[in-house]
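Numbering-wise (our numbering), the sequence shown opens with residue 1040 and increments by one.
To keep things clear, I will list the structure first and then write my remarks on it.
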Amino acid sequence: MTAAYSIPLSGPDVTQREIDAVLAVLATPQLSLGPRLPEFEKRIAAFTGAKHALAVNSGTSGLHLCIRALGIADGDEVITTPFSFIASANCALFERAKPVFVDIDPVTLNIDPAKIETAITPRTKAILPVDVFGLPADMKRICAIAEKHGLAVIEDSCEALGASIDGRQAGRWGDCGVFGFYPNKQMTTGEGGAIITDRDDIAALCASMRNQGRDDGMGWLAHARLGYNYRLSDINCALGIAQLERMDGILAARAQVAAWYAAELAALAPHVIRPPEPPAGVVRSWFVYVIQLPGGYTAEQRNALITHLRGRGIGCSHYFPCIHLQPLYAKSFGYARGDFPVTEGISDRTMALPFFNRLTQPQVNTVVRELAAWLAANTPGGRA
Ligand SMILES: *Cc1c(COP(=O)(O)O)cnc(C)c1O
């Protein structure tokens, strides 16, 4: 499934320091539930400013625990965006709750706060906004709506570690927030994730549920509630600690790659729409570099461009396909094309270009040159 591209879509950035940190754990008897877990959690809490951080084995597990900790269950409704990774909606389905989609803002690509209130019903329990591609959702407006209607907020910040609004970190705006540490994220633990929250009750429940329902001070074979094995091993935590220690450098490297793209792509406007500038006070954390073809282009043309670039050894991808049109959602809920027109139009014309810490300026140049060549031959209504 992963072809070897000369310029891949994504690539990990693991240094000798990280390798040494992992090897050091392997030389100890505590490969899991050892000292690296609380150390990693303390550092995530310090980095984000949250009172509590709980490490888990994936971002998806973190979202699931937040849903459970908030008591969201059968028939409850969770408002979220159809333009995200599928886990943002699946986490509600795990508890037989219903994800209720709200269309997105065509510029930020995040859930449109102006459309949230009409989606609220007596069954609505929570809003689950996603900081898509590392640009924070409009959390101030979303939290104000949630407060007015007595709803919880779970911020899916799996793509946004290091982003902020008015100095307050992504993931800290709602009742709880979740990060993901899969290898394509800003920092990685191989697999992994973290929940952050200022609420003691959510932190205690999540800590217990990720560890088979055990409570603090209870024995290994005593289980207070339904739990899971969503633990993150000390091996993963050691990698995470080392990555987090150089997080400023990682974020700066990604911003530099994005700046190279922005400068090179300026020459292709208006045929390529670049990621938007964040609103005042908002700091984006670069996750992927997603461009948009303008309205005159079709999904077929976007697909042809992806095929063309891949044929030239350049990894690129459709980002994101609409969640509501995924077979599971179309079949279970009867969703069809036309239900969320803004999301569908954006989803038809967006694509992710190669983007990772170690991408070089000459590689960015090659990607943009190939993109320009395709556009010159495939501009709707004539040559560019
Ligand atoms: C990466 C990601 C997740 C979590 O993914 P995992 O692979 O389970 O760690 C959740 N939501 C979004 C929006 C993501 O991008």
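Here a beta-carbon is modelled for each residue, glycine too, at the ideal position from N, C-alpha and C.
All of these numbers come straight from a predicted model, not from anything done at the bench.
Give the range of the beta strand (DSSP E) segment to which GLN1331 is assigned. 1328 to 1331
Beta strand (DSSP E) runs wholly inside the region 1091 to 1124, at least 3 long, in chain order: 1091 to 1095, 1116 to 1119
By C-beta, the residues closer than 6 angstroms to any heavy atom of ligand 1, given in chain order: SER1097, GLY1098, THR1099, SER1123, PHE1124, ALA1126, SER1127, VAL1169, ASP1195, CYS1197, GLU1198, GLY1219, TYR1221, GLY1232
Give the range of the alpha helix (DSSP H) segment to which PRO1401 is assigned. 1400 to 1417
Mark ILE1106 as exposed unless 16 or more other C-beta atoms lie within 10 angstroms of its C-beta, in which case mark it buried. buried
Assuming CYS1276 and ARG1075 are in contact, meaning their beta carbons sit under 8 angstroms apart, how far apart are those beta carbons, in whole angstroms? 4 angstroms
Can you name, in chain order, every residue of its own chain whose Cβ lies under 8 angstroms from the Cβ of SER1100, other than the five neighbours on each side? GLY1232, ARG1249, TYR1267, TYR1269
Looking at C-alpha atoms only, which residue of CYS1361, HIS1262, HIS1310, TRP1212 is the closest neighbour of THR1418? HIS1310
Beta-ladder partner(s) of CYS1215, from DSSP: ILE1193, THR1236
Need the endpoints of the beta strand (DSSP E) that ALA1391 sits in, please. 1389 to 1392
Would you call LYS1187 buried or exposed, if buried means 16 or more other Cβ atoms sit within 10 Å of its Cβ? exposed
Let me know if ASN1396 comes out buried or exposed under the rule of 16 or more other beta-carbons within 10 Å of its beta-carbon. buried
Are three or more beta carbon pairs between the region 1050 to 1057 and the region 1195 to 1205 nearer than 8 angstroms? no
State the DSSP-derived secondary structure class of ARG1422, mapped to helix, strand or coil. With a pLDDT of only 47 at ARG1422, under 50, the local geometry of the prediction cannot be trusted, and the value read off the model is given with reservation. Three-state result, ARG1422: coil.
Taking VAL1061 as part of the alpha helix (DSSP H), name the residues at either end of that continuous run. 1055 to 1065
Below 8 angstroms on the Cβ atoms is my contact criterion, and I expect PRO1047 with PRO1401 to pass it. Report the Cβ-Cβ distance as a whole number of Å. About 15 angstroms separates the two Cβ atoms, so there is no contact after all.
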